[in-house]
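Structure record follows, encoded as structure tokens.
Protein chains: 4
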Amino acid sequence: MQSIESLTQLISQFPGIGPRQAKRVVYALLSKEDYYLNSLAEEIKNLKSHVRLCTESYAYFYSHDTTETLHPIVKDATRNNDLLMVLEKDTDLEAMEKSHLYHGLYFILGGNLPVVEKDPQKRIRLSELKRRIEKQVPKEIIIAMNATPEGDNTADFLKKELDSFNIKLTILGRGLSTGTEIEYSDKETLENALNNRK
Amino acid sequence: MQSIESLTQLISQFPGIGPRQAKRVVYALLSKEDYYLNSLAEEIKNLKSHVRLCTESYAYFYSHDTTETLHPIVKDATRNNDLLMVLEKDTDLEAMEKSHLYHGLYFILGGNLPVVEKDPQKRIRLSELKRRIEKQVPKEIIIAMNATPEGDNTADFLKKELDSFNIKLTILGRGLSTGTEIEYSDKETLENALNNRK
Amino acid sequence: MQSIESLTQLISQFPGIGPRQAKRVVYALLSKEDYYLNSLAEEIKNLKSHVRLCTESYAYFYSHDTTETLHPIVKDATRNNDLLMVLEKDTDLEAMEKSHLYHGLYFILGGNLPVVEKDPQKRIRLSELKRRIEKQVPKEIIIAMNATPEGDNTADFLKKELDSFNIKLTILGRGLSTGTEIEYSDKETLENALNNRK
Amino acid sequence: MQSIESLTQLISQFPGIGPRQAKRVVYALLSKEDYYLNSLAEEIKNLKSHVRLCTESYAYFYSHDTTETLHPIVKDATRNNDLLMVLEKDTDLEAMEKSHLYHGLYFILGGNLPVVEKDPQKRIRLSELKRRIEKQVPKEIIIAMNATPEGDNTADFLKKELDSFNIKLTILGRGLSTGTEIEYSDKETLENALNNRK
Numbered sequence: 003m004q005s006i007e008s009l010t011q012l013i014s015q016f017p018g019i020g021p022r023q024a025k026r027v028v029y030a031l032l033s034k035e036d037y038y039l040n041s042l043a044e045e046i047k048n049l050k051s052h053v054r055l056c057t058e059s060y061a062y063f064y065s066h067d068t069t070e071t072l073h074p075i076v077k078d079a080t081r082n083n084d085l086l087m088v089l090e091k092d093t094d095l096e097a098m099e100k101s102h103l104y105h106g107l108y109f110i111l112g113g114n115l116p117v118v119e120k121d122p123q124k125r126i127r128l129s130e131l132k133r134r135i136e137k138q139v140p141k142e143i144i145i146a147m148n149a150t151p152e153g154d155n156t157a158d159f160l161k162k163e164l165d166s167f168n169i170k171l172t173i174l175g176r177g178l179s180t181g182t183e184i185e186y187s188d189k190e191t192l193e194n195a196l197n198n199r200k
Numbered sequence: 003m004q005s006i007e008s009l010t011q012l013i014s015q016f017p018g019i020g021p022r023q024a025k026r027v028v029y030a031l032l033s034k035e036d037y038y039l040n041s042l043a044e045e046i047k048n049l050k051s052h053v054r055l056c057t058e059s060y061a062y063f064y065s066h067d068t069t070e071t072l073h074p075i076v077k078d079a080t081r082n083n084d085l086l087m088v089l090e091k092d093t094d095l096e097a098m099e100k101s102h103l104y105h106g107l108y109f110i111l112g113g114n115l116p117v118v119e120k121d122p123q124k125r126i127r128l129s130e131l132k133r134r135i136e137k138q139v140p141k142e143i144i145i146a147m148n149a150t151p152e153g154d155n156t157a158d159f160l161k162k163e164l165d166s167f168n169i170k171l172t173i174l175g176r177g178l179s180t181g182t183e184i185e186y187s188d189k190e191t192l193e194n195a196l197n198n199r200k
Numbered sequence: 003m004q005s006i007e008s009l010t011q012l013i014s015q016f017p018g019i020g021p022r023q024a025k026r027v028v029y030a031l032l033s034k035e036d037y038y039l040n041s042l043a044e045e046i047k048n049l050k051s052h053v054r055l056c057t058e059s060y061a062y063f064y065s066h067d068t069t070e071t072l073h074p075i076v077k078d079a080t081r082n083n084d085l086l087m088v089l090e091k092d093t094d095l096e097a098m099e100k101s102h103l104y105h106g107l108y109f110i111l112g113g114n115l116p117v118v119e120k121d122p123q124k125r126i127r128l129s130e131l132k133r134r135i136e137k138q139v140p141k142e143i144i145i146a147m148n149a150t151p152e153g154d155n156t157a158d159f160l161k162k163e164l165d166s167f168n169i170k171l172t173i174l175g176r177g178l179s180t181g182t183e184i185e186y187s188d189k190e191t192l193e194n195a196l197n198n199r200k
Numbered sequence: 003m004q005s006i007e008s009l010t011q012l013i014s015q016f017p018g019i020g021p022r023q024a025k026r027v028v029y030a031l032l033s034k035e036d037y038y039l040n041s042l043a044e045e046i047k048n049l050k051s052h053v054r055l056c057t058e059s060y061a062y063f064y065s066h067d068t069t070e071t072l073h074p075i076v077k078d079a080t081r082n083n084d085l086l087m088v089l090e091k092d093t094d095l096e097a098m099e100k101s102h103l104y105h106g107l108y109f110i111l112g113g114n115l116p117v118v119e120k121d122p123q124k125r126i127r128l129s130e131l132k133r134r135i136e137k138q139v140p141k142e143i144i145i146a147m148n149a150t151p152e153g154d155n156t157a158d159f160l161k162k163e164l165d166s167f168n169i170k171l172t173i174l175g176r177g178l179s180t181g182t183e184i185e186y187s188d189k190e191t192l193e194n195a196l197n198n199r200k
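Residue numbers (my numbering), protein chains in the order written: chain A, 3 to 200; chain B, 3 to 200; chain C, 3 to 200; chain D, 3 to 200.
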């Protein structure tokens, strides 16, 4: 069953899908209409030609115009370009936009830094970020990393690296997040919750 | 982000994948090599032309020869054609073949019967199964359904429908399966375990 | 908080209860009525004087008569004493009784044998079982262990040890248990399901 | 098996323990030493005479001196009595003390308020809290509720009720708690994280 096996192998490279589920996906595809399969194949084939990486924010964006290089948010004159939020990845940008809470600009780092990492540039877009800041200097850079060891380490690293720009650098507020119970909170969360009480 | 959204929607139709994971898959695809994406698109496009449904066993099989109509197992002269095992789906056939325990032939029903089902033929290949039995009469038909309410109902239905053929009809043995603990067993499992003791 | 800590420690020895849940239990007890706490303390204190180990079946039983040595099932003249079912523990006996499927007698081994065990008598009541069999010889001994590696190992061991009695020895039937799906079954379960088909 | 059943029923009233686990606990107790069972029964019987409710903080405390009415923290002259932290329950106090982050005093509300509650005094110690504040006026009251709907509702209620005291009222800081990922954060958490950035 060469086709089934080879497609199963390709699909088992999807994040979060093991070989067993990949096989189930392939059998499910076999029972789909030709129209669905052709659409799926077309979308996959054209994905990277229609979706490009913004040369300023490094966020992915869609455009039929293959000469377009900028993400719609970057070109949106109503956005507040005094604020630059640095995020790890595109799905963070989507979560932030969906909340309608923030109207500044973004920069996608493309990754984070584990605690021990010799060559940060291999994992995050550090030189691209510096160039972006030099090109259009914001009044505040919001370093919006996850509250995880990797996120904290990345934030610490960026604070040092961006210090010489003499721009206000902020990190997201820490404390109790929705659903957090005091009894099960770690010391760090309790400390932030106490220090940031108001 | 039209392409990302439309591909996300197509992928969220995969079994066991919700919209959130589908989005993660799409972003993962964006970072893949062109070679991988083109292979994936090709395999999906050609899936149904290379993989066909066997006209006798109704199992999917792969062949470059587009005139081929029979699954390799059906054409394998070393298989025991006295035995016909009726299975719900292709992944059951794969599990059975992987165990190397069975050397007879197969028939894939293509589904099962929930307890209330007015039109069984819509859900399972009943007339196809009868035609297959008439064409090449086996000595024993093994009705190998899951030990679930749907599987039990399907087995009961098939036993009645196939009764008139006067062929030995068997169902898989019931009892403790690997890992089953007596303390947590339901009455039916304990009953089968006691009745089938040896 | 000595009392709270010491009671928390005692309760965290209950099976399946960690120190955190034990603490929650203690605070819950603090808000209970005196009547409840006194009943609980009484029942725990008297547990072993009211509940005794049957000298024949080694099952626990309750009796106010402190001279009573036999479990009610052992004394029940309507039970079939041709059958002796050997079980690992009391909760297995409860599950079996609750099913109303079996009307013979029982023997509780008090444990099982992991695959490597130098001194089986330390873990299971082997000499007690042999004495029980000699005292009142059954026609069939049903070795009713869990379908786990330990259960299988214990069953194999008992079959060898009891072989010289020349009594019919049976083990519980194996196959698909309620809920088992063919696709996810291991080879052993499929083999038993095929061999025990009927 | 009266004893086993009645003790099982008493133990199945423990928080987080169902009837099946309660039964397992009872069988585990049957195999324990007499010494353990007697200690357990004693501790349960004496729990409420050794552990009393502090008449000021309403926290439970242990003392052999049955005339003692105050929790050790209340009597500790080194604690900062300018700060009064209002908590839902004793295990919150334990979590806070374990963190060594806070050196003020406490008050245990004894519960929280679901969104619709006609008679708050039935669920929380409101009048006791007001009396405590009047007796020894703090400079700041930290309302330290869980970041749950009930906790938020309780905090809102207390802010209104305590407003007339003209004491500084604070609530714990909100934002990302340890482990929180931006992609999976709800709008409220993102809003707090943004507003409390620094």
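All C-beta atoms, glycine included, are put in the ideal place defined by N, C-alpha and C.
Can you pull the chain D residues whose beta carbon is under 8 Å from the beta carbon of E193 (chain A), in chain order? S101 and L103
With 8 Å as the threshold, decide whether the Cβ of G175 (chain C) is near any Cβ in chain B. For G175 (chain C), the answer is yes, since a Cβ of chain B falls inside 8 Å of its Cβ.
With a threshold of 16 other CB atoms inside 10 Å of the CB of A30 (chain C), please say whether the residue is buried or exposed. exposed
Nearest CA to the CA of N106 (chain D): which residue from D:N168, D:L86 and D:E35? A quick correction: the sequence has Gly, not Asn, at residue 106 (chain D). It is D:L86 whose Cα lies nearest to the Cα of G106 (chain D).
Does G20 (chain C) pass the burial test, meaning 16 or more other C-beta atoms within 10 Å, or should it be called exposed? exposed
Backbone CA spacing between S51 (chain C) and K50 (chain D) [nearest angstrom]: 26 Å
For L171 (chain D), return the contacting residues in chain C, with the cut-off set at a CB-CB distance below 9 Å. What L171 (chain D) touches in chain C: nothing, since even the nearest Cβ is about 27 Å away.
At which residues does the alpha helix (DSSP H) containing F63 (chain C) begin and terminate? Careful: F63 (chain C) lies outside any alpha helix (DSSP H), inside the beta strand (DSSP E) at Y62 to Y64.
8 Å is my cut-off, CB to CB: does V118 (chain C) come that close to chain D? No, V118 (chain C) lies away from the interface with chain D (no Cβ there is under 8 Å from its Cβ).
Would you decide whether N197 (chain C) is buried or exposed? Buried here means 16 or more other CB atoms lie within 10 Å of its CB. Flag for N197 (chain C) reads exposed.
Residues, ordered as in the chain, of the stretch 134-150 of chain C that lie near chain B by beta-carbon distance below 7 Å: Going along the stretch 134-150 of chain C in chain order, one finds I144, A146, N148, A149 and T150 with a Cβ nearer than 7 Å to chain B.
Please return the same chain residues whose Cβ sits closer than 8 Å to the Cβ of V117 (chain D), not counting the five positions on each side in sequence. P151, E152 and N155
So, Q23 (chain D) versus G18 (chain C), is the Cβ gap smaller than 8 Å? yes
Let me see if you follow: with CB-CB separation under 8 Å, is I126 (chain B) close to chain C or not? no
In its own chain, which residues sit with a C-beta less than 7 Å from the C-beta of N168 (chain C), not counting the 5 before and 5 after it? So no residue of the chain qualifies.
Determine the burial state of S166 (chain C): buried for a count of at least 16 other Cβ atoms within 10 Å of its Cβ, exposed for fewer. exposed
By DSSP, does I201 (chain A) sit in helix, in strand, or in coil? Since the displayed chain A opens at 3 and closes at 200, residue 201 (chain A) lies outside it and no answer follows.
Which partner residues of F109 (chain D) appear in the DSSP bridge assignment? Beta-bridge annotation (DSSP): F109 (chain D) is paired with D:V88.
Answer yes or no: does any C-beta atom of chain B fall closer than 8 Å to that of I45 (chain A)? According to the sequence shown, residue 45 (chain A) is Glu rather than Ile. Taking Cβ atoms only, chain B reaches closer than 8 Å to E45 (chain A), which makes this a yes.
In whole angstroms, give me the CA-to-CA distance for L160 (chain C) and I145 (chain C). Going from the Cα of L160 (chain C) to the Cα of I145 (chain C) covers about 8 Å.
Report yes or no: is there a C-beta of chain B within less than 8 Å of the C-beta of S179 (chain C)? Chain B contact via Cβ: present.
So, with DSSP's three-state summary, where would you put I75 (chain B)? Taken through DSSP and simplified to helix, strand or coil, I75 (chain B) comes out as helix.
Comparing alpha-carbon positions, which option in C:G177, C:E183 and C:R134 lies nearest T57 (chain C)? C:R134
Nearest chain C C-beta to P21 (chain D) closer than 8 Å, yes or no? no
Going by DSSP, which residues form a beta bridge with T172 (chain D)? Answer is D:I144, bridged to T172 (chain D).
For the stretch 172-187 of chain C against the stretch 79-96 of chain B, do three or more pairs of beta-carbon atoms, one drawn from each stretch, fall closer than 8 Å, so that the two count as touching? A contact between stretches requires three or more CB pairs, one per stretch, nearer than 8 Å, and the stretch 172-187 of chain C meets this requirement with the stretch 79-96 of chain B.
Under 7 Å (Cβ pairs) to chain E, residues found in the stretch 63-97 of chain C: Absent from the structure is chain E; the protein chains it does hold are A, B, C and D.
Would you call the stretch 59-66 of chain D and the stretch 99-114 of chain D in contact, with 3 or more CB pairs under 8 Å? Enough Cβ pairs lie closer than 8 Å, so yes.
Going by DSSP in three states, V53 (chain C) sits in which element: helix, strand or coil? Strand.
Please report the straight-line C-alpha distance between Q15 (chain D) and I6 (chain C), rounded to a whole angstrom. 18 Å
Residues in the same chain with beta-carbon distance under 8 Å from M98 (chain B), minus the five sequence neighbours each way, listed in chain order, please. M87, L89, Y104, Y108 and A146
Chain-order list of residues whose beta-carbon lies under 8 Å from that of K141 (chain D) (same chain, five-residue window excluded): D84, L85, I169 and K170
Taking 6 Å as the limit between beta carbons, can you name the residues of its chain near G177 (chain A), skipping five residues before and five after? N194, A195 and N198
Same chain, Cβ closer than 8 Å to T172 (chain B), neighbours up to 5 away in sequence not counted: E142, I143, I144 and I145
For L178 (chain A), write down the residues that DSSP places opposite it in a beta bridge. Its beta-bridge partners are D:R176.
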